[in-house]
Amino acid sequence: METIIRKYDSEAPDASVMEEAGKILRAGGLVAFPTETVYGLGGDALNPQASEKIYAAKGRPSDNPLIVHIADLQALQVLTSRIPDRARVLADRFWPGPLTMIMPKSDVVPRQTTGGLDTVAIRMPSDPTAYELIRSSGVYIAAPSANTSGRPSPTLARHVAEDLSGRIDMIIDGGRCDIGLESTIVDLTGDIPVILRPGYITKEMLEEAVGRVDIDRAVTASRPDPNLRPKAPGMKYRHYAPRGSLTVVQGSREAVAAKINSLVKEKQARGKRCAVIASEENMRLYQAERIMDIGSRRHEESIAANLYDILREMDEEDIDFIYSESFTGEGLGFAIMNRLLKAAGHQIIQL
Ligand code: TXA
Ligand code: MG
Numbered sequence: 009m010e011t012i013i014r015k016y017d018s019e020a021p022d023a024s025v026m027e028e029a030g031k032i033l034r035a036g037g038l039v040a041f042p043t044e045t046v047y048g049l050g051g052d053a054l055n056p057q058a059s060e061k062i063y064a065a066k067g068r069p070s071d072n073p074l075i076v077h078i079a080d081l082q083a084l085q086v087l088t089s090r091i092p093d094r095a096r097v098l099a100d101r102f103w104p105g106p107l108t109m110i111m112p113k114s115d116v117v118p119r120q121t122t123g124g125l126d127t128v129a130i131r132m133p134s135d136p137t138a139y140e141l142i143r144s145s146g147v148y149i150a151a152p153s154a155n156t157s158g159r160p161s162p163t164l165a166r167h168v169a170e171d172l173s174g175r176i177d178m179i180i181d182g183g184r185c186d187i188g189l190e191s192t193i194v195d196l197t198g199d200i201p202v203i204l205r206p207g208y209i210t211k212e213m214l215e216e217a218v219g220r221v222d223i224d225r226a227v228t229a230s231r232p233d234p235n236l237r238p239k240a241p242g243m244k245y246r247h248y249a250p251r252g253s254l255t256v257v258q259g260s261r262e263a264v265a266a267k268i269n270s271l272v273k274e275k276q277a278r279g280k281r282c283a284v285i286a287s288e289e290n291m292r293l294y295q296a297e298r299i300m301d302i303g304s305r306r307h308e309e310s311i312a313a314n315l316y317d318i319l320r321e322m323d324e325e326d327i328d329f330i331y332s333e334s335f336t337g338e339g340l341g342f343a344i345m346n347r348l349l350k351a352a353g354h355q356i357i358q359l
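Here you go:
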């Protein structure tokens with residue numbers, strides 16, 4: 009199949025792009041589109057064949073449920089069997105935006121979309137292109153991140169094309185995604201909301217709106233524990249990982265730089281290609297063939313926005329060993345560390 013790639017600028021909208029995409033979605037085809045978090049691979053959420061096609065295109069295990077993207081609150085009446093009170097409060101506060109809520113599903117949502125679960129993940133994205141696609145197509149759009157399963161999520165249309173060209177009908181190129189990390193997922197089916205995946209909307213922000221919020225223990229565990237099954241099935245898979253070996257080094261600024269420099273020297277002596285992922289503030293402390301500026305510690309948003317692009321670049325440059333600084337673990341830093349440690353398969357050196 010030939011994949012159509014069309015640019016779309018939400019500030020100078022070309023309606024023909026949306027018409028073409030809408031036709032494909034209504035016919036059960038697949039369209040990748042930008043959101044404020046990462047690019048999504050969209051299909052009609054109520055069409056089981058479309059969901060099956062999504063799994064096939066990504067090479068994703070079919071027990072890993074998809075997120076349904078909506079453009080108005082009316083959709084909750086259709087997609088859920090019960091709207092938890094806290095969901096209304098959180099929707100009011102954070103939608104449209106990078107928050108996904110798990111709720112009990114209604115009968116119209118096929119099990120193919122929810123990976124066999126009785127619950128459904130729902131998000132109303134704020135990105136104007138995503139919004140326009142959902143609205144104008146008239147389809148609730150099931151969309152996982154538009155990457156091949158296991159690779160870093162796409163933050164540029166180019167990343168989507170690298171992974172999925174020839175496997176999907178269309179890519180809408182709307183430029184770079186603002187946030188660069190996937191949405192926060194919160195499960196609202198129990199008494200206390202539980203964060204299943206950290207993201208831009210933090211625990212503190214959620215608690216301010218609805219009181220106590222817990223974090224799934226599988227997310228806070230410092231290493232994967234076979235006894236802790238993540239409640240978001242997708243969080244159990246090896247994820248976001250570059251092909252080279254990635255190690256995160258934690259400690260004081262000077263100790264981290266000294267350790268990374270000595271590891272790089274040792275690997276280079278054996279003819280290996282090495283790269284360092286460093287914050288803008290610390291770049292000059294390193295000696296290596298490639299030193300990647302991931303952004304400023306004063307603006308963790310910049311670090312989130314660059315992370316996946318840098319991990320993909322490591323593959324393009326055939327890097328064997330990657331050493332990364334670590335980040336605060338507070339606020340957005342918690343989501344950054346969650347993805348970085350997963351990408352590293354939890355290889356971490358604590359100094
Ligand atoms: O920012 C995002 O959320 C992006 C954009 C495209 O919206 N989407 C995204 O989708 O990251 P995906 O499929 O890559 O991740 C969805 C996660 C998976 O870990 C999945 O297991 C979990 O959400 N999930 C989906 N439905 C669920 C459910 N009913 N119960 C628990 N976890 C669920
Ligand atoms: Mg994903």
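For the sequence shown, the working numbering assigns the number 9 to the initial residue and increments by one for each residue that follows. Glycine residues also receive a C-beta, built at the ideal position from the N, C-alpha and C atoms. Bear in mind the structure is a predicted one, so any value in this text is a computation, not a measurement.
Contact test: residue i Cβ vs ligand 2 heavy atom, cutoff 7 Å
i    : result
E297 : no
S134 : no
S59  : no
G123 : no
S161 : yes
The beta strand (DSSP E) enclosing residue i, as first and last residue numbers
i    : result
I91  : Looking at the DSSP string, I91 is not in any beta strand (DSSP E), and its letter there is neither H nor E.
S253 : S253 to Q258
Q295 : No beta strand (DSSP E) contains Q295, which DSSP labels as neither H nor E.
R34  : Element bounds for R34: not the beta strand (DSSP E) but the alpha helix (DSSP H), A23 to R34.
Proximity test, residue i beta-carbon vs ligand 1 heavy atom, cut-off 7 Å
i    : result
P153 : Per the sequence shown, residue 153 should be read as Ser rather than Pro. At least one heavy atom of ligand 1 is nearer than 7 Å to the Cβ of S153, so yes.
Residue i versus residue j - alpha carbon distance
i    : j    : result
A35  : L204 : 33 Å
I75  : E262 : 42 Å
P69  : A29  : 26 Å
P92  : T197 : 7 Å
V272 : G252 : 14 Å
P206 : A343 : 5 Å
L340 : Q82  : 30 Å
L22  : H354 : Correcting the residue type first, residue 22 is Asp in the shown sequence and not Leu. Cα-Cα distance, rounded: 44 Å.
A351 : V194 : 22 Å
E27  : S145 : 7 Å
D222 : D301 : 33 Å
D317 : D186 : 13 Å
R131 : A169 : 24 Å
G279 : I327 : 11 Å
Rounded Cβ spacing between residue i and residue j (contact assumed at less than 8 Å)
i    : j    : result
I180 : L141 : 7 Å
I149 : A53  : 6 Å
L315 : T192 : The Cβ separation is near 16 Å, so there is no contact.
T11  : M178 : 7 Å
V116 : V86  : 6 Å
A286 : E333 : 5 Å
P160 : L319 : 4 Å
For residue i: DSSP bridge partner residues
i    : result
C282 : F329
P112 : T127
S270 : Partner(s): none; S270 has no beta bridge.
G50  : V39
T192 : L107
S161 : Beta-bridge pairing links S161 to no other residue.
V202 : D195 and D222
A150 : G51 and V76
M300 : I285
Span of the alpha helix (DSSP H), counted from its first residue to its last, around residue i
i    : result
T137 : P136 to S145
D317 : E308 to E324
V86  : Q82 to L87
I176 : First-last for I176: undefined, no H or E at that position.
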